[in-house]
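Notes for the one structure printed next.
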Amino acid sequence: MKAVVFEKFGETPTIQTVPDPEPASEGVVIKVEATGLCRSDWHGWMGHDDGISLPHVPGHELAGVVVAAGSQVTRWKVGERVTVPFAVGCGHCFECSSGNHQVCEHQSQPGFTAWGSFAEYVAIDHADTNLVRLPDEMEFATAASLGCRFVTSFRAIVDQGRVTPGEWVAVHGCGGVGLSAIMIASAMGANVIAIDLTDEKLDFASKIGAVATINASKTPNVVKAVKQITNGGAHMSMDALGHPTTSFNSIANLRRRGRHVQVGLMLGDHARPQIPMDKVIAFELEIRGSHGMQAYRYQAMMEMIRNGKLKPELLVGKRISLDEAPAALMAMGTFEGIGIGVVTRF
Ligand SMILES: [Zn+2]
Ligand SMILES: [Zn+2]
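Numbered as in UniProt numbering, the sequence shown ends at 346 without a single skipped number.
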């Protein structure tokens, strides 16, 4: 099969012909019809993720058709249209047994712990636990755009953030995660404030549901601005970017008993940011992480998509070919435009 391969971290990936994958006994092989480009792929390529061994095929936001199934697979057949969350649970450990596959102790991540979906085919293990059937009307590009940023935001807003109608929600950073969160929180009936450094992204945030915006490059004190708009602070706030400043602001702009959810990755020098712990105690603030979403929770999100309350297709950006993927991957470190880039031609 054709695949995007890198043999050294930070060196230009190339298109190569590599052996087709075989399904594990509990796994399937999927013919990839669409695969999203994500900043996590860039981190992986740069060598920031110690789970990767070389040579490597990146790609973790995928949708396609099952073309082979292992002997132990009972729920899936060849020809079914599917997607998969980026954190694939083993289905057997304590966390998986308790329904928390997103933090499985033995999780695999296509494109990180194993070869990913920047290829014509990808192998996914533990298919019965992890695959999600696509509604007939959903295109592959939209389905691929769900697997990482959109489902992570759904879990962050709905399950971890427990947003209820009428609450104020602040979303720090309007990349793929942030825009998804704004759309989801707005659909949940919250009043959403979008915070970013560019007017272009903030204008788009307003179009998909934000009721107020703050341009942090022109606002000296973001925390104060959020408190003014919300008359005392946000009920729930999220750092969608993953930076010490946005993380701090997201906690500091909460009202009493507010909830902060950290979704943006904090890697390298940013892994141990400052936290206003005095305020966490005095205001009884909650701080939670959010890491992907279990396959079985997709159903609630899919119903909201089917009924038009969520429109993930609005967040799909440029469509490119696999041949264009190496250049697009390398560019993810410096620039993230509006919308999720998706490879749709292989
Ligand atoms: Zn991703
Ligand atoms: Zn597990």
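Using N, Cα and C, we set each Cβ at its ideal position, and we do this for glycine too.
Given Val132, which residues of its chain have a CB within under 7 angstroms of its CB, disregarding the five upstream and five downstream residues? Indexing the sequence shown from 1 puts residue 132 at position 132. For Val132, where only same-chain residues beyond five positions count, the Cβ hits under 7 angstroms are Val82, Thr83, Val84, Ala295, Tyr298.
Starting from the C-beta of Ala144, find all residues in its chain whose C-beta is less than 6 angstroms away, skip the five residues before and the five after it, and write them out in chain order. Position 144 of the sequence shown, counted from the first residue, corresponds to residue 144. For Ala144, where only same-chain residues beyond five positions count, the Cβ hits under 6 angstroms are Ala34, Thr35, Gly36, Glu61, Leu62, Ala63, Val342.
Backbone secondary structure at Asp239 - three-state DSSP: Taking the sequence shown and counting its residues from 1, the one referred to as residue 239 is at position 239. If DSSP states are grouped into helix, strand and coil, Asp239 belongs with the strands.
Quick one: Cα of Asp128 to Cα of Leu197, how far? In the sequence shown, residue 128 corresponds to position 128, counting from 1. In the sequence shown, residue 197 corresponds to position 197, counting from 1. Whole-angstrom Cα-Cα distance: 42 angstroms.
Could you check where the beta strand (DSSP E) with Glu26 kicks off and where it finishes? If you number the sequence shown from 1, residue 26 lands on position 26. Careful: Glu26 lies outside any beta strand (DSSP E) and carries neither H nor E.
Could you tell me the boundaries of the beta strand (DSSP E) in which Val65 lies? Walking along the sequence shown from the start, residue 65 turns up at place 65. Unbroken beta strand (DSSP E) run through Val65: 61–69.
Which parts of the segment 247–291 are runs of the beta strand (DSSP E), unbroken and 3 residues or longer, counting only runs that do not cross its ends? 254–262, 286–289
Under DSSP, the alpha helix (DSSP H) around Asp199 begins and ends at which residues? For the purposes of this step, residue 199 is identified with residue 199 of the sequence shown, where counting begins at 1. From DSSP, the alpha helix (DSSP H) with Asp199 extends over 199–207.
Give the range of the alpha helix (DSSP H) segment to which Ser145 is assigned. Walking along the sequence shown from the start, residue 145 turns up at place 145. Looking at the DSSP string, the run of the alpha helix (DSSP H) that includes Ser145 is 140–145.
Would you kindly work out how many angstroms separate the C-alpha atoms of His101 and Thr219, rounded to a whole number? As a working note, residue 101 is residue 101 in the sequence shown. As a working note, residue 219 is residue 219 in the sequence shown. About 40 angstroms.
Verify the contact flag: Phe346, CB atom, against every heavy atom of ligand 1, threshold strictly below 8 angstroms. The residue you call residue 346 lines up with position 346 of the sequence shown. No.
Would you mind giving the Cβ-Cβ distance between Trp42 and Met332, rounded to the nearest angstrom? I have them listed as a contact below 8 angstroms. Reading the sequence shown from its first residue, position 42 is the one you call residue 42. Reading the sequence shown from its first residue, position 332 is the one you call residue 332. Between Met332 and Trp42 the Cβ distance is about 4 angstroms, and since that is below 8 angstroms, they are a contact.
Limits of the unbroken beta strand (DSSP E) element including Asn191: As a first step, residue 191 must be located in the sequence shown, where it is residue number 191. Note, Asn191: beta strand (DSSP E), 191–196.
Give me the residue from Ile195, Arg345, Met266, Ala187 with the minimum Cα distance to Ala300. What you label residue 300 is simply residue 300 of the sequence shown in a count that begins at 1. Ranking Ile195, Arg345, Met266, Ala187 by Cα distance to Ala300 puts Ala187 first.
Separation of Glu80 from Thr17, as counted between CA atoms: Here residue 17 refers to the residue found at position 17 when the sequence shown is read from its first residue. Here residue 80 refers to the residue found at position 80 when the sequence shown is read from its first residue. Their Cα atoms are separated by approximately 26 angstroms.
First and last residue of the uninterrupted beta strand (DSSP E) at Ala156: Residue 156 sits at position 156 when you count from the first residue of the sequence shown. First-last for Ala156: undefined, no H or E at that position.
If you draw a straight line from the C-alpha of Lys227 to the C-alpha of Val103, how long is it? The count along the sequence shown starts at 1 and reaches residue 227 at position 227. The count along the sequence shown starts at 1 and reaches residue 103 at position 103. About 33 angstroms.
Less than 6 angstroms between C-beta atoms, sequence neighbours within five positions excluded: which residues of the same chain meet that for Arg149? One-based indexing of the sequence shown puts residue 149 at position 149. So the list reads Gly176, Val177, Ser180, once near-sequence residues are dropped.
Check whether the Cβ of Ser290 sits closer than 8 angstroms to any heavy atom of ligand 1, and report yes or no. Taking the sequence shown and counting its residues from 1, the one referred to as residue 290 is at position 290. It does not: the Cβ of Ser290 is nowhere closer than 8 angstroms to a heavy atom of ligand 1.
Would you tell me roughly how many angstroms separate the C-alpha atoms of Val169 and Arg288, rounded to the nearest one? Taking the first residue of the sequence shown as position 1, residue 169 is located at position 169. Taking the first residue of the sequence shown as position 1, residue 288 is located at position 288. Spanning the two alpha carbons is a distance of roughly 15 angstroms.
If we count Cβ pairs, one from each stretch, closer than 8 angstroms, do we get three or more for the segment 227–243 versus the segment 255–262? yes
Can you give me the Cβ contacts of Gly99 inside the same chain, cut-off strictly under 6 angstroms, excluding the 5 residues immediately before and after it? On the sequence shown, position 99 is the one that residue 99 refers to. Once the five neighbours on either side are set aside, Gly99 has no close Cβ partner at all.
Buried or exposed: where does Ser250 fall if 16 or more other Cβ atoms within 10 Å of its Cβ makes it buried? Here the question's residue 250 lines up with position 250 in the sequence shown. With 16 or more Cβ atoms within 10 Å of its Cβ, Ser250 is classed as buried.
Proximity winner among Ser40, Gly189, Ala216, relative to Thr164 (alpha-carbon distances): Locating residue 164 in the sequence shown gives position 164, counting from the first residue. Residue Gly189 is the option with its Cα nearest to Thr164.
Would you give the residue range spanned by the alpha helix (DSSP H) that Gln299 belongs to? Position 299 of the sequence shown, counted from the first residue, corresponds to residue 299. That run of the alpha helix (DSSP H) goes 298–306.
So, are the CB atoms of Ala325 and Val32 less than 9 angstroms apart? The count along the sequence shown starts at 1 and reaches residue 325 at position 325. The count along the sequence shown starts at 1 and reaches residue 32 at position 32. No, Cβ-Cβ distance for Ala325 and Val32 is not below 9 angstroms.
How would the residue list near ligand 2 read, in chain order, if you kept each one whose beta-carbon is closer than 7 angstroms to any heavy atom? Gly89, Cys90, Gly91, His92, Cys93, Glu95, Cys96, His101, Cys104, Glu105, His106, Gln107
Cβ neighbours of Ile142 in the same chain (closer than 7 angstroms, five flanking residues each side left out): One-based indexing of the sequence shown puts residue 142 at position 142. Before going on, a small fix: residue 142 reads as Thr here, not Ile. Here the set comprises Pro312, Glu313, Val316.
Taking only the alpha-carbon atoms, compute the straight-line gap between Arg166 and Cys96 and give it to the nearest angstrom. Here residue 166 refers to the residue found at position 166 of the sequence shown. Here residue 96 refers to the residue found at position 96 of the sequence shown. According to the sequence displayed, residue 166 carries Gly and not Arg. Approximately 33 angstroms between the Cα atoms of the pair.
Does at least one heavy atom of ligand 1 sit under 8 angstroms from the Cβ of Phe154? Translated into positions along the sequence shown, residue 154 becomes position 154. No, Cβ of Phe154 sits at least 8 angstroms from all heavy atoms of ligand 1.
9 angstroms Cβ cutoff met for Gly111 and Ser40: Sequence index remark: in the sequence shown, residue 111 carries index 111 (1-based). Sequence index remark: in the sequence shown, residue 40 carries index 40 (1-based). Yes; because the gap between Cβ atoms is below 9 angstroms, this pair is in contact.
Using only alpha-carbon positions, find the residue among Ala87, Ala119, Tyr121 that is nearest to Val151. Locating residue 151 in the sequence shown gives position 151, counting from the first residue. Looking at the Cα atoms, Ala87 is the closest of the given residues.
My guess is that Leu285 and Gly264 are in contact by the Cβ rule of under 8 angstroms, so how many angstroms apart are they, rounded? Residue mapping note: residue 285 aligns to position 285 of the sequence shown, counting from 1. Residue mapping note: residue 264 aligns to position 264 of the sequence shown, counting from 1. Going by Cβ atoms, the distance from Leu285 to Gly264 rounds to 18 angstroms, so no, they are not a contact pair.
Would you kindly report the start and end of the unbroken alpha helix (DSSP H) that includes Gln107? Residue 107 sits at position 107 when you count from the first residue of the sequence shown. Counting along the chain, Gln107 falls outside any alpha helix (DSSP H), and DSSP gives it neither H nor E.
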